[in-house]
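Quick note: the sequence shown uses numbering that gives the first Met the number 0, first residue 0, plus one each step.
In this text, a Cβ means the ideal position worked out from N, Cα and C, and glycines have one as well.
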Amino acid sequence: MRTLDLGILAHVDAGKTTLTERLLFTAGAIDHVGSVDAGTTQTDSLDLERERGITIRSAVASFRVGDLAVNLVDTPGHPDFIAEVERVLGVLDGAVLVISAVEGVQPQTPLLFRALRRIGVPTLIFVNKIDRTGADPERVLAAIRRRLSPAALPMGRVDDAGRHEASFIPFGPEDVVHRSTVAETLADHDDAILRAFVRDEGTLGYGRLREQLAVQTRAGLVHPVFFGSAARGVGIDALLTGIDELLRAARGDPEAEVSGRVFKIERSTSGERVAYVRLFAGTLRARQRVRVGGGDDAKPTSVQVFAPAGAPRRDLLLPGEMATVRGLGAVRVGDAIGVPPPGQEVTARFPRPTLEAVVLPIRPEQAGSLRAALGQLAEQDPLIDVRQDDHRHEISVSLYGEVQKEVIGATLEREYGIAADFRETTVVCIERPAHVGEAEEVIYAPTKTNITGRSSPQSTNPFRATLALRIEPASVGSGVVFRADVEPRLVPLYLFKTPDVFLKQMEDFVNEALTEGLAGWRVTDCLVTMSDCGYASPLTSAADFRRLTQLVLMTALDRAGTWVCEPMAELALEMPAEAASGVLALLGQLGGRVTSQFSANGISKVGAVLQVARVRTLQYRLPGLSMGEGILEQRFGGYQPIGEDAPRRQRSGPSPLERDAWLAWLSKRG
Ligand SMILES: Nc1nc2c(ncn2[C@@H]2O[C@H](COP(=O)(O)OP(=O)(O)OP(=O)(O)O)[C@@H](O)[C@H]2O)c(=O)[nH]1
Ligand SMILES: [Mg+2]
């Protein structure tokens, strides 16, 4: 059977979990419909999700439509959990983007849509909640065309919008207007259709149009739009038909080398690490040796394949399928299983967290357990980036927002029995190199025997390796790019299996070294080039390269200098028109920059850019300034350099630039 891995994505509360539940029910995978409000759905299975009525972790549920098996991946919509969505994007064959017929296109909607486009995931749109008062399918379709894609094609019409009896009537061959809209949209990318359309529209058979619609949907050129009500089960059959007809299950060669990706990690009740794997090629079974994350090999102890209810349980994972896999050792979310899946260089990077908070155990004797528990949570969500500084022995975590902070607090309490307090949330800055910096350390060698590459008898290099690195500024948003320009004979193959493994390892060391820059913040938007390296077999160890990377890169960075940059928020404010002047005055006081302003029908809309650190003040004062009617939506608005008085962050240990203190600290750590 073919398998389609289908993501359900949307702004918070648009109805993803309700739609997932309804699809499962309509397809016959479950025999009654659970509800988010009663905490009884399949995919909101964590206690916290059920109590709060929001999705926190992605979850997989399977059903069958025709001869297609579908793995639905329900994702969280709250912006605090965007990282969870990012991890799923790379394993999808298709997506349904859910949009509320009342609220329409919301701040997360274009963000998600753009990410799906960037990595080429074919996307259907489902306009949900047509039964709710205020539902306006026409307005929402217009907004979709304006803000997401002009190639959004309605697949039917809505009757009685905004009422309980709202219904969806799919278009058929007899709907002349629909036929010509489809033909016109497809003609943009298909010359044959264009010619037929211009010659005589009537000659274009409906069957041919539907076929081409599927082709262009799969190519991500058009986006069919369905309407309905997940809560009432309206429009679900049509969406199921659309999924079957318009999307396509991936194909992969079961005989090829194993290639998969881990998109979620959880701990079983017995504390075992469970990896959710999507396979792209090869065949994976228990006790078969596979490489994990480009590093060591592991032998899974069990492989449980997701399959529609009623299908026999299988422990043999084939291309296109998903499974939970145990026994993969220190597997991390995002790891490749076997060879890395091709074409995944383009990741759907969302911005990283811009906030952080110190976490303190209420009972000081639980400090050790708190660190261990946060370490486990970081396996599931590496972006929380648990840090401990060696001076005050404080642990801090990176955060997207207050809801995530509450969820971490509640998880620590319930799952680990640790009551913890968060100290006030502060912003996380970044550093960008200001200029180009280079540094090198040459290996110390009293004699020349057994040395590869350059060496010097005068060298004071404390490590048994040679390394030269250069760091230079790169474009905003480019992250850290690592390149190597060294002769293959300089690669210590007795330490690393292949030159590629060595380079991957060096890239990891570079990323590790850049987690704390000159002012203690993560360094990004730079190009790092390795221009020389060398070793003395068999004395040199991987640890020598790791330490040396920290030393050489920090020295290069010191020569380059850095700009500390702080996170900005892009704000969309809506308020009664008479409140606008007060809100604008406050924005001015806070140093915000107004980017747009518009008033109509007694409502004012203001767009602005403000430092993330100051958004809290605005949130706090907005209700008072707007008679409680102000609405504030925010999204990440990039980083902006801070000139004078840039804040510094406490490093986790001494800087490699204070060489003696750093070496003493390293030797103490072992
Ligand atoms: N009237 C109406 N309400 C709906 C419909 N679909 C969902 N809802 C309600 O909308 C609210 C949010 O639904 P969810 O399914 O939790 O939305 P979600 O997108 O999964 O939310 P997050 O996962 O937290 O982002 C719940 O109260 C649902 O009962 C619908 O078709 N009509
Ligand atoms: Mg949900």
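Cβ-based neighbour list, residue i, same chain, cut-off 8 Å, excluding 5 preceding and 5 following
i: D685; result: Here the chain comprises residues numbered 0 to 669, so residue 685 is not present and cannot be evaluated.
i: V104; result: I98, V139, A142, I143, R146, L147
i: L212; result: L152, V181, L185, V221, P223, L245
i: A347; result: Note that A347 has pLDDT 47, beneath the 50 cutoff, so the model's placement of it is unreliable and the number below is only indicative. Cβ neighbours of A347 beyond the five flanking positions: E85, L88, G89, A114, L115, R117, I118.
i: S454; result: V441, I442, Y443, A444, K447, T465, G533, A535
i: E50; result: G38
i: T54; result: K15, T16, T42, D43, E48, D73, T74, P75, G76, H77, F80
i: T451; result: R488, L489, P491, G533, Y534, A535, S536
heavy atom of ligand 1 below 7 Å from residue i C-beta
i: I235; result: no
i: V611; result: no
i: H77; result: yes
i: S166; result: no
i: I53; result: yes
i: K263; result: no
i: D199; result: no
i: S34; result: yes
i: S148; result: no
i: R231; result: yes
i: S228; result: yes
i: V224; result: no
i: D12; result: yes
7 Å Cβ shell around residue i - same chain, five flanking residues per side excluded
i: M626; result: P575, A578
i: E21; result: Note that residue 21 is Arg in the sequence shown here, rather than Glu. Here the set comprises V32, A229, G232, I235.
i: A285; result: P299, T300, S301, V302, D314
i: E412; result: A418
i: V426; result: T353, L354, E565, P566, V611, A612
i: L317; result: P253, L278, T282
i: T188; result: Checking the sequence, you will find His at residue 188 rather than Thr. Correct list, in chain order: Q215, L220.
Close beta carbons around residue i, own chain, < 6 Å, minus the five adjacent residues each side
i: L572; result: V605, L631
i: A541; result: L494
i: R288; result: D296, K298
i: G636; result: M567, A568, E569, V608
i: T19; result: I7, T42, L71, D73
i: P350; result: F635
i: R668; result: none
i: D384; result: S397
i: P340; result: S258, R260, F279
i: A366; result: P360
i: F305; result: V59, S61, N70, M321
i: A660; result: P653
Beta-carbon gap between residue i and residue j smaller than 8 Å
i: S647; j: A438; result: According to the sequence provided, residue 647 is Arg. The question's Ser does not apply to it. No, Cβ-Cβ distance for R647 and A438 is not below 8 Å.
i: E643; j: V608; result: no
i: I361; j: A409; result: no
i: Y638; j: C564; result: yes
i: L552; j: A599; result: no
i: D159; j: V261; result: no
i: V120; j: D243; result: no
i: S651; j: D388; result: yes
i: L373; j: V358; result: yes
i: E265; j: Q403; result: no
i: R613; j: L589; result: yes
i: L239; j: A94; result: no
i: L468; j: A555; result: yes
i: G281; j: A255; result: yes
i: F225; j: L123; result: yes
i: T523; j: R386; result: no
Contact test: residue i Cβ vs ligand 2 heavy atom, cutoff 7 Å
i: T16; result: yes
i: T2; result: no
i: D46; result: no
i: D135; result: no
i: D296; result: no
i: D73; result: yes
Check: residue i C-beta below 7 Å from any heavy atom of ligand 3
i: D159; result: As for ligand 3, it is missing from this structure, which binds only ligand 1 and ligand 2.
With a floor of 3 residues, list each beta strand (DSSP E) that falls wholly inside the stretch 130 to 172, ordered by position along the chain. Taking only runs of at least 3 residues, the beta strand (DSSP E) segments lying wholly in the stretch 130 to 172 are 151 to 153, 155 to 158, 166 to 169.
Quick one: complete beta strand (DSSP E) runs, 3+ long, within the stretch 290 to 365? If we require 3 residues or more, the beta strand (DSSP E) runs fully inside the stretch 290 to 365 come out as 301 to 304, 321 to 325, 335 to 337, 354 to 360.
Entirely within the stretch 523 to 560 and at least 4 residues each: give me those alpha helix (DSSP H) ranges in chain order. Inside the stretch 523 to 560, DSSP marks whole alpha helix (DSSP H) runs of 4 or more residues at positions 541 to 559, from first to last along the chain.
Where are the beta strand (DSSP E) runs, 3 residues long or more, that stay fully inside the stretch 567 to 600, in chain order? Taking only runs of at least 3 residues, the beta strand (DSSP E) segments lying wholly in the stretch 567 to 600 are 592 to 599.
Entirely within the stretch 392 to 465 and at least 3 residues each: give me those beta strand (DSSP E) ranges in chain order. The stretch 392 to 465 contains, as complete beta strand (DSSP E) runs of 3+ residues, the segments 394 to 398, 419 to 421, 429 to 432, 436 to 440 (chain order).
Where in the stretch 481 to 509 do unbroken runs of the beta strand (DSSP E), each at least 3 residues long, occur, reported from the N-terminal end onward? With a minimum length of 3 residues, no continuous beta strand (DSSP E) run stays inside the stretch 481 to 509.
Considering only residues of the stretch 23 to 108, which uninterrupted beta strand (DSSP E) runs meet the minimum length of 3 residues and lie entirely inside it, listed in chain order? Segments of the beta strand (DSSP E) lying fully in the stretch 23 to 108: 58 to 64, 67 to 73, 93 to 99.
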